[in-house]
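Enquirer: In our numbering, the protein residues as written are 318 to 584.
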Amino acid sequence: MNRYRIQPGTVVDLAAWDPADRSAFDGDKDAARGVTKELNNRLEELQELLYAEAKHKVLIVLQAMDTGGKDGTIRHVFDGTNPQGVKVASFKKPTEWELAHDYLWRVHRHTPGAGEITIFNRSHYEDVLVVRVHNLVPPDVWSKRYDHINAFERILFDEGTTILKFFLHISKEEQRERLQARLDEPHKQWKFAKGDLSERKRWDDYVGAFEAALSKTSTEWAPWYVIPADRKWYRNLVISKILVDTLASLDMQYPEPEEDLESIVIE
Ligand code: ATP
Ligand code: MG
């Protein structure tokens, strides 16, 4: 899965990353679903172990263009995990109270505790994405944030957090189809926001903002992955695989049981 990881210092040109790539898997969609199911089961076991050991903390950051598949990823990849140990934090437009603080203030308190996996559905990266595209703060303010973010994530890492950041990469045409589906299918209409169309007009600005963020903030301690996301089954497969491989590499152990359990008789 290393092919999707951005090596620190790389200048990212998203035009060179194919959103419909499927080169890491030979089979078809059904075969992929089978493998993803097995990975789901493995993830369930690893998450239980993570929770039991209560040592490691895992932070997963999901960012994408609108309709990029953040919700679907959360639903499919974490299917079967224990809600007690898996949290989702969604970052919407900041409230007045949140805006009265620095931009990391609302984020830090949602970071995972020991034994927890936390999924950020949007994140502090909005503060160098939407904020940059819409000039919500001046360039001399947002341009300092890449360094802040690297330092912030370094703190989390130094204190025991494993960080994985996924950019769900869809094509502009795929977004058109997904927006159209939200209009056409009654049970999807609630997801359609007219504002998504004005954001779509700024597609190129968002691409530029994403490229800057991916280029400046993929670090050894908090790598970015560019996930080909035009095919949902491939997206789920790749993310599941990266997660399982990463958790398996943590070398976790169940806590030592209390002594002399063999001699206990329950009456
Ligand atoms: P979906 O992708 O499923 O539509 P969503 O994450 O887009 O869900 P919405 O309520 O539609 O949820 O959108 C949240 C909005 O909040 C986005 O437009 C996002 O850019 C915006 N937002 C998030 N963080 C910030 C921020 N720090 N400053 C300004 N806007 C933000
Ligand atoms: Mg939205």
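Built from N, CA and C at the ideal position, the CB exists for glycine as well.
Keep in mind that this is a model prediction, so the values were computed, not measured.
1) Quick check: the region 484-492 against the region 319-339, are there 3 or more CB pairs under 8 Å?
2) If you measure from the CB of residue 420, is any heavy atom of the ligand ATP nearer than 7 Å?
3) Beta-carbon within less than 6 Å of residue 337's beta-carbon, same chain only, minus the 5 sequence neighbours each way: which residues are those?
4) In terms of residues, what are the limits of the beta strand (DSSP E) holding residue 428?
5) Would you check whether the ligand ATP has a heavy atom nearer than 7 Å to the C-beta of residue 369?
6) Under 8 Å between the Cβ atoms of residue 466 and residue 436?
7) Contact check, residue 434 vs residue 367 under 8 Å by CB: the rounded distance?
8) Return yes when at least one heavy atom of the ligand ATP lies under 7 Å from the C-beta of residue 553, else no.
9) Tell me residue 438's beta-bridge partners as DSSP assigns them.
10) Comparing the CB of residue 305 with every heavy atom of the ligand ATP, is any distance shorter than 7 Å?
11) Within 10 Å of its beta-carbon, does residue 531 have 16 or more other beta-carbons around it, so buried, or fewer, so exposed?
Expert: For this structure:
1) Pairwise C-beta distances place the region 484-492 in contact with the region 319-339, as three or more of them are shorter than 8 Å.
2) Here residue 420 refers to the residue found at position 103 when the sequence shown is read from its first residue. Yes; taking the cut-off as 7 Å, the Cβ of residue 420 has a heavy atom of the ligand ATP nearer than that.
3) In the sequence shown, counting from the first residue as 1, residue 337 sits at position 20. Counting only Cβ-Cβ distances below 6 Å, and skipping sequence neighbours, we find 547.
4) Sequence index remark: in the sequence shown, residue 428 carries index 111 (1-based). It is not in any beta strand (DSSP E) - residue 428 carries neither H nor E in the DSSP assignment.
5) Here residue 369 corresponds to residue number 52 of the sequence shown, with the count starting at 1. When distances are taken from the beta-carbon of residue 369 to the heavy atoms of the ligand ATP, even the shortest one reaches 7 Å or more.
6) The residue you call residue 466 lines up with position 149 of the sequence shown. The residue you call residue 436 lines up with position 119 of the sequence shown. No, Cβ-Cβ distance for residue 466 and residue 436 is not below 8 Å.
7) For the purposes of this step, residue 434 is identified with residue 117 of the sequence shown, where counting begins at 1. For the purposes of this step, residue 367 is identified with residue 50 of the sequence shown, where counting begins at 1. Correct: roughly 7 Å between the Cβ atoms.
8) The residue you call residue 553 lines up with position 236 of the sequence shown. No; taking the cut-off as 7 Å, the Cβ of residue 553 has no heavy atom of the ligand ATP nearer than that.
9) What you label residue 438 is simply residue 121 of the sequence shown in a count that begins at 1. Paired residues: 379 and 407.
10) As shown, the chain starts at 318 and ends at 584. That puts residue 305 outside it, with no answer to give.
11) Here residue 531 corresponds to residue number 214 of the sequence shown, with the count starting at 1. Flag for residue 531 reads buried.
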